[in-house]
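Notes to accompany the following structure.
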Amino acid sequence: MHHPSRLASSFLVLGLMGGVGCGPALEETPVPEAAPQEQAPVAPSEDEDRAVTAMSTTAIAWNDFGKTTVQYVAECVTGAYYHSCFFCGTNSLYSAEYSLSDCTSIGDIQNSCLTCDREVHAKTVYAELPDGDVILAEIDHNIVASDVIEFRLQSGSDVTWWKEVNLVGGGDNWRVWNQDGSSWCNWPNPSTNNCDTNSQWTHIVQDPSSRFIFSKAKWFGIHTEMYSLGGLGDHLTGGDRVTFRWIRD
Numbered sequence: 065m066h067h068p069s070r071l072a073s074s075f076l077v078l079g080l081m082g083g084v085g086c087g088p089a090l091e092e093t094p095v096p097e098a099a100p101q102e103q104a105p106v107a108p109s110e111d112e113d114r115a116v117t118a119m120s121t122t123a124i125a126w127n128d129f130g131k132t133t134v135q136y137v138a139e140c141v142t143g144a145y146y147h148s149c150f151f152c153g154t155n156s157l158y159s160a161e162y163s164l165s166d167c168t169s170i171g172d173i174q175n176s177c178l179t180c181d182r183e184v185h186a187k188t189v190y191a192e193l194p195d196g197d198v199i200l201a202e203i204d205h206n207i208v209a210s211d212v213i214e215f216r217l218q219s220g221s222d223v224t225w226w227k228e229v230n231l232v233g234g235g236d237n238w239r240v241w242n243q244d245g246s247s248w249c250n251w252p253n254p255s256t257n258n259c260d261t262n263s264q265w266t267h268i269v270q271d272p273s274s275r276f277i278f279s280k281a282k283w284f285g286i287h288t289e290m291y292s293l294g295g296l297g298d299h300l301t302g303g304d305r306v307t308f309r310w311i312r313d
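In the working numbering, the protein residues as written are 65 to 313.
Following this line, the structure appears as structure tokens:
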């Protein structure tokens, strides 16, 4: 759904510029008279280059985004120096250094292992989704007109493989995908390059059957559906923009 007057926003999310919104066909729900100049394209059919392998997705919940967990990490508190083979070989914190050393046994006094003194610290980290992904979600209110909800996909600087968010509902599939620092919405051609935002009518997004499907490139680059998110109407209201940021894969 192109909304040159109504959906344009100068709002910045996570420091990245938003794309042009695209969305559902006009014949489904008439555009209000307040914006008669707007035109909405018909949803494109799936083409061979963008085919996504359908599989059993893993259901995720809104509280899975940005969930954290505590890990215990051994960190150096001194500079590196040589320890005895016995010290490294009998202490699990130094098992890696022991295996890489010239020590022949823990009783070897001719050789040593190079390591540091370590302390174990608790560290809060993002909890991973089942396939090792970390996706964050941020909802901003009153960004667009109340009869529309926008969704945006951005990838972290270390995430370069193909990623996609597809809003399924109302008989249409509206999607945003990115790869290698570029993004598109619905059409893989230069006119949609750098479009990282799409939209759908509020009443369709809030329908209990609507859901977001998260897909990514797997082995051999095969585009594969991974996660399914429902309950959209419980978290999104008209005028919202939800930004999904895929920061680890």
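Ideal Cβ placement from N, Cα and C applies to all residues, glycine included.
Looking at the strands, I want to know which residues DSSP matches up with N242. Answer is K227 and S247.
Per DSSP, which one or two residues make a beta bridge with Q135? Bridge pairing for Q135: K187 [DSSP].
If you draw a straight line from the C-alpha of T132 to the C-alpha of P194, how long is it? T132 and P194: Cα-Cα distance of roughly 14 Å.
When the Cα of Q264 is compared with those of D211, L293 and I203, which residue comes out closest? When only C-alpha atoms are compared, the closest one is D211.
Could you work out which residue in S120, D244, Y146 and S169 is closest to G220 when comparing CA atoms only? Looking only at S120, D244, Y146 and S169, the smallest Cα-Cα distance to G220 is reached by D244.
In angstroms, rounded to a whole number, what distance separates the CA positions of S292 and W126? About 11 Å.
Under DSSP, the alpha helix (DSSP H) around T168 begins and ends at which residues? Careful: T168 lies outside any alpha helix (DSSP H) and carries neither H nor E.
Taking the C-alpha atoms as reference points, what is the distance between F308 and E228? One Cα belongs to F308, the other to E228, and the distance between them is close to 10 Å.
Please name the residue, chosen from E214, S120 and D181, that lies closest to D304 on a Cα-to-Cα basis. Here the closest residue by C-alpha is E214.
T179 burial status per 10 Å Cβ neighbour count (16 or more: buried): Classification of T179: buried, given that the 10 Å Cβ count is 16 or more.
Rounded C-alpha distance that separates A191 from M290: Going by C-alpha positions, A191 is about 16 Å away from M290.
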